[in-house]
Amino acid sequence: EAQVTQNPRYLITVTGKKLTVTCSQNMNHEYMSWYRQDPGLGLRQIYYSMNVEVTDKGDVPEGYKVSRKEKRNFPLILESPSPNQTSLYFCASKRQGANEQYFGPGTRLTVT
Amino acid sequence: DAKTTQPNSMESNEEEPVHLPCNHSTISGTDYIHWYRQLPSQGPEYVIHGLTSNVNNRMASLAIAEDRKSSTLILHRATLRDAAVYYCILSMGVSGAGSYQLTFGKGTKLSVIP
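The listed protein sequences derive, respectively, from chains S and A. Mind the numbering: the first sequence is residues 1 to 112 in my numbering, read in order. Mind the numbering: the second sequence is residues 113 to 226 in my numbering, read in order.
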């Protein structure tokens, strides 16, 4: 089944403790992206990657890092999480030249 | 980025057609019109997209005004499973970074009444 998977789905952590949210897609898509969703603010793009080893900032990149060493994986790294990074995070992927983006199921992160 | 305007909420009876409007008066010639929906507790899901002509797929139809300043997503027979937030989004082209970034607004929350 074609899908985007994210792990973990739920995470509660403390301020300053480094964490990684993984994202993987099995559709051989070139493009991958991370969004965060907050009440009243909609979904905002954090980082995106147009292909392996090519990443760029979205609208709200502060406090996040990404890497794209393999085509299928696009992990989101929070080196020193803070409470304002408490949010619902979505990973998405897209084939080059296509319009349709596929989204993962989301990761709900709480930073205390 | 060109913005879209949608009603905050709409209601429909089950098995009735639903017309979800979207205004995008500042759309540029290269902007595609996308519709995504987000069911409760799920990630957004692609519904349909178009550039100038009306489009149909298995989920919905997209009617685009001749001047492209507005569009309407049409669900032909609403079911309870169609209750979701529907987002109308403009995105540039089909290749390059501009086509990848989707700027989600607040969308229209569709309620379906049994």
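All C-beta atoms, glycine included, are put in the ideal place defined by N, C-alpha and C.
Could you say which of the options lies nearest to residue i if we only look at CA atoms?
i, options, result
"serine 82 of chain S", "S/Gly97, S/Gly63 and S/Leu76", "S/Gly63"
"threonine 184 of chain A", "A/Thr215, A/His161, A/Ile225 and A/Ser140", "A/His161"
"tryptophan 34 of chain S", "S/Gly58, S/Glu53 and S/Asn51", "S/Gly58"
"tyrosine 198 of chain A", "A/Ser137, A/Leu214, A/Trp147 and A/Ile139", "A/Trp147"
"leucine 202 of chain A", "A/Pro156, A/Leu163, A/Asp179 and A/Glu157", "A/Leu163"
"glutamate 126 of chain A", "A/Arg170, A/Arg189, A/Gln213 and A/Lys218", "A/Arg189"
"glycine 97 of chain S", "A/Thr116, A/Glu128 and A/Tyr144", "A/Tyr144"
"threonine 110 of chain S", "S/Lys94, S/Asn28 and S/Thr86", "S/Thr86"
"threonine 13 of chain S", "S/Ser80, S/Gln25, S/Lys65 and S/Pro75", "S/Ser80"
"methionine 204 of chain A", "A/Lys218, A/Gly155 and A/Ser140", "A/Ser140"
"arginine 68 of chain S", "S/Gly106, S/Leu11, S/Tyr31 and S/Thr107", "S/Tyr31"
"threonine 118 of chain S", "S/Leu11, S/Thr15 and S/Asn7", "The shown model of chain S, from 1 to 112, leaves out residue 118 of chain S, and the question about it has no answer."
Name the chain S residues that come within less than 9 Å of residue i, Cβ to Cβ?
i, result
"glycine 141 of chain A", "In chain order: nothing, as chain S lies at least about 16 Å away."
"tyrosine 158 of chain A", "Asn99, Glu100, Gln101, Tyr102 and Phe103"
"asparagine 213 of chain A", "Reading off the sequence shown, one finds glutamine at residue 213 of chain A, where the question assumed asparagine. Under the 9 Å cutoff, chain S gives Ser33, Gln45, Tyr48, Gly58 and Asp59."
"lysine 227 of chain A", "Outside the displayed range of chain A (113 to 226) lies residue 227 of chain A, so it cannot be described from this structure."
In chain A, which residues lie with their C-beta within 7 Å of the C-beta of residue i?
i, result
"leucine 11 of chain S", "Those do not exist, as leucine 11 of chain S stays about 16 Å from chain A at its closest Cβ, beyond 7 Å."
Using a Cβ cut-off of 8 Å, pull out every chain A residue sitting near residue i, in sequence order please.
i, result
"phenylalanine 90 of chain S", "Gly155 and Pro156"
Residues of chain S with CB under 8 Å from residue i, in chain order?
i, result
"tyrosine 144 of chain A", "Asn99"
"histidine 161 of chain A", "Asn99 and Glu100"
Cβ pair count under 8 Å reaching 3, the region 175-184 of chain A against the region 134-154 of chain A: yes
Three-pair Cβ contact test at 8 Å for the region 16-30 of chain S versus the region 163-178 of chain A: no
Complete runs of the alpha helix (DSSP H) confined to the region 10-46 of chain S [at least 4 residues]: none
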